[in-house]
Amino acid sequence: MTSTHTSVRRRLPSAADLDARTGDRDRVVDLIRIFSLVVVIAGHSLMLTVTADDVAVHLGNLLADVPVLQAATWLLQVLPLFFFAGAAAATFGLTSRPPQPPGHWLLTRAQRLLRPVFWYLLAVGAVLLVAHAADAKVAADLVAGLGVQLLWFLGAYLLVLAIVPLLQRITTTMHAVGAVAVAWAATAGIDGARLTLGWEALGAAAFVTVWVIPAIIGVAYARGVVSPVLGAGAVVSFLLVDIALVAFGPYEVSLVTVPGQSLSNMNPPTLLLAGHAIVLCGLAIALRTHLARVVARPRVWWWVALGNRGAMTLYLWHLPVLALLIGGGELLGWSRDRSPDGMYAALIGSQTVLLLALMVPVVALLAQLENRPLRWWDATAAGHRGRARDAAVLVTLVVVAVAILMTARTGLVGDGWSWVMVAVVGAVVARTLDEPSTAVPHRRQRSTCAASPKSARLPL
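Numbering (UniProt numbering), first residue to last: 1 to 460.
In structure tokens, the structure reads:
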């Protein structure tokens, strides 16, 4: 373990060296991206309750037990910021390179995004096989559901990335405001149809109309067409709108799904979450100068850059680490099924801090898999592909995104395995279709990050 840690450290530049080599990069985007993930991870730890018996392990939510805490989700639900940062970084890259066909561009993003997912699913599948072989039904059920539950985010993110090339048409403030208004209004229409006409199937479209909003604002930010003043105005306006939606509309306070809810704001996403996304992104833009000052410090930037190097590893593996922490606590008599008194608060607080600390060596070790190109999957070739084939690549990757969403929804039971196969086969088909009809020899793809100095590959 020591030799591995030393090897990882040996490959990393010092804080001063990294600061000097990335002076032109937009560090605020990277800060926002890693901040959003850290808050999400802390939130998962703080909210999770666990009750175990001889039959099953029951997962609960502290927000259901203590409803007054649900208002805290307006601070803890920060995933829209990841979409904002991702779209901004993609725009920096797209505007700094020659135009690429949208299907090919999306594949280059999917190669980087899905690479750690392949390794993660192999590990989950292996654990599930061992659990079934040992006839450990409780453990098998837990892994089958919880092991892939968070993949919904990757499916939604890939769907939004498919739209990012189209969003590059946003070049003025009015373009950005108009695009956000259309997405917000479309979400309002979807919610209206669901709640008044019972058209629940329309909720699937909200995964696009809601999560594209922070992406639109991210593109506008990268284009420099949204000012801090406009951002601050959006924060105040939509915060008031969101409060009104809760006070006078059908929406519940919690911005995460809570057991017993009559209307979840997350699955599918609702107009309240759409407004919350605007508030968060507006706040990020309004505070950009202050955030830039913070991340300009070499030591802060070093940690931010290191976190971004293993962002997907951090997201994918935090629940298994949290499960081990909670399981170890149960063996020691530190149970999460107690009433939320002072001792309970101390337990979840200490476990959350420990989780964040443990994720540092976990990411340092496993991020090597995230950043190591796979021989065939990450190979790339220059050449002509044709519009029809590129469109087929784009459509196939959208199918992959939907399959990932369905896998997260159903778990690794029944139809869940079919959705996994659809995702895997779809990824293989997309990669195969992307082979150019007239090509130069393959070369290893070192990175799919853009060459722009604002978003170029981090030298880590």
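Just so you know, even glycine gets a beta-carbon here, dropped at the ideal spot from N, CA and C.
Beta-carbon separation (whole angstroms), residue i vs residue j, contact threshold 8 Å
i    : j    : result
I278 : F238 : 5 Å
V212 : A185 : Actually they do not touch by this definition, with Cβ atoms about 13 Å apart.
P269 : V219 : The Cβ separation is near 19 Å, so there is no contact.
A90  : I163 : Wrong, their Cβ atoms sit about 11 Å apart, outside the cutoff.
D30  : A205 : Contact flag wrong, Cβ pair sits at about 31 Å.
P436 : R387 : So it is not a contact: roughly 13 Å between Cβ atoms.
P191 : L273 : Per the sequence shown, residue 191 should be read as Asp rather than Pro. At roughly 10 Å, the Cβ-Cβ gap does not stay under 8 Å, so D191 and L273 are not in contact.
A367 : T313 : 5 Å
P116 : E370 : 4 Å
Boundaries (first-last residue) of the beta strand (DSSP E) holding residue i
i   : result
L69 : Counting along the chain, L69 falls outside any beta strand (DSSP E), and DSSP gives it neither H nor E.
V57 : 57 to 61
Beta-bridge partners of residue i, as assigned by DSSP
i    : result
P268 : Answer is none; P268 lacks a bridge partner.
Residue i, enclosing alpha helix (DSSP H) - first and last residue
i    : result
L48  : Segment 48 to 52 is the beta strand (DSSP E) holding L48; no alpha helix (DSSP H) there.
L128 : 102 to 133
T187 : 173 to 197
S237 : 228 to 248
G260 : Where G260 is concerned, there is no enclosing alpha helix (DSSP H), given that its DSSP letter is neither H nor E.
S335 : First-last for S335: undefined, no H or E at that position.
S350 : 342 to 371
L166 : 152 to 167
I216 : 203 to 223
H146 : Reading off the sequence, residue 146 comes out as Leu, not His. It spans 137 to 149 - the alpha helix (DSSP H) in which L146 sits, taken as one unbroken run.
V425 : 415 to 433
T407 : 387 to 410
P80  : 79 to 94
D19  : 15 to 21
Where residue i falls, given that 16 or more other Cβ within 10 Å makes a residue buried
i    : result
M254 : According to the sequence displayed, residue 254 carries Ser and not Met. S254 is buried by the Cβ-count criterion.
H5   : Because H5 carries a pLDDT of 49, less than 50, the predicted location of this residue cannot be relied on, and no value is offered for it.
P80  : buried
P165 : buried
H442 : Confidence is the limiting factor: at H442 the pLDDT is only 46, short of 50, which leaves the residue's position unreliable, though a coordinate-based value still follows. It is exposed - the Cβ of H442 has fewer than 16 other Cβ atoms within 10 Å.
L406 : Looking at the sequence provided, one finds Met at residue 406 rather than Leu. M406 should be labelled buried.
R299 : exposed
E200 : exposed
T51  : exposed
R293 : exposed
H276 : buried
M47  : buried
F35  : buried
W74  : buried
G414 : exposed
M343 : exposed
F83  : buried
A140 : buried
H58  : exposed
Proximity test, residue i beta-carbon vs the ligand MN heavy atom, cut-off 7 Å
i   : result
H44 : Annotation note on the ligand MN: not contained in the displayed structure, which lists no ligands.
Beta carbon proximity, residue i to chain B, threshold 8 Å
i    : result
V295 : In the structure shown, chain B cannot be found, because there is only a single protein chain.
Uninterrupted alpha helix (DSSP H) stretches inside the region 289 to 332 (no shorter than 4 residues): Fully enclosed alpha helix (DSSP H) runs of 4 or longer: 298 to 309, 311 to 331.
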